[in-house]
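This report concerns only the one structure given below.
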Amino acid sequence: MSDEAGREVSRDEARKLIGEGAQLVDVRAEHEWEAGHIAGATHLPLDELAARAGELDKEQPVVLYCRGGTRSTMAAAALADAGYDAAKLSEGIVGWSEADLPLAPDDGYVAESGEAAAVLQARKRAAQT
0 MSDEAGREVS
10 RDEARKLIGE
20 GAQLVDVRAE
30 HEWEAGHIAG
40 ATHLPLDELA
50 ARAGELDKEQ
60 PVVLYCRGGT
70 RSTMAAAALA
80 DAGYDAAKLS
90 EGIVGWSEAD
100 LPLAPDDGYV
110 AESGEAAAVL
120 QARKRAAQT
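With numbering that gives the first Met the number 0 applied, the sequence shown covers 0 to 128.
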């Protein structure tokens, strides 16, 4: 793994990069994305990254995030090894939310990760319909 694969950016640095055209990518699971995500992000779950990496522009930097950093670290390493300028967002969406930065939709929140959380989220959606 190259040194570049371990690159991490702060929230302020990420916002600057995105303002300059960097791609923001959420690698969390579907239920986490639906609960709340950073506005302007593209949803590219970690388990689909290898198959869908071609959807990303290799000419623009990529900032990846997950809940806390584990999945985005793996994603950033894989993309860096494939020739992308990739970095992970320090502290993930948890840190973003704790800094009172906006989530989408307006009532979005940071969901728990994992299968049990997905089941609970599905039940919550079903109860609302």
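Note that CB positions come from ideal geometry on N, CA and C, so glycine has one too.
Just so you know, these numbers come straight off a predicted model, no measurement behind them.
Under the three-state DSSP convention, the category residue i falls into
i, result
"K57", "coil"
"D11", "helix"
"L48", "helix"
"L16", "helix"
"A121", "helix"
"V93", "helix"
"A86", "strand"
"L63", "strand"
"S112", "coil"
"A126", "helix"
"L23", "strand"
"A79", "helix"
Spatial distance of residue i from residue j (CA atoms)
i, j, result
"D88", "G113", "Sequence check: residue 88 is Leu here, not Asp. In a straight line, the C-alpha of L88 is about 20 Å away from that of G113."
"A49", "A28", "15 Å"
"R10", "W95", "7 Å"
"H42", "A125", "22 Å"
"A21", "D106", "25 Å"
"I17", "H30", "24 Å"
"E3", "A52", "Reliability of the predicted coordinates at E3 is poor, the pLDDT of 45 falling under 50, and the value obtained from them is presented with this limitation in mind. Spanning the two alpha carbons is a distance of roughly 17 Å."
"E90", "G67", "5 Å"
Assumed close pair residue i, residue j - CB separation to whole angstroms, cut-off 8 Å
i, j, result
"A74", "L45", "6 Å"
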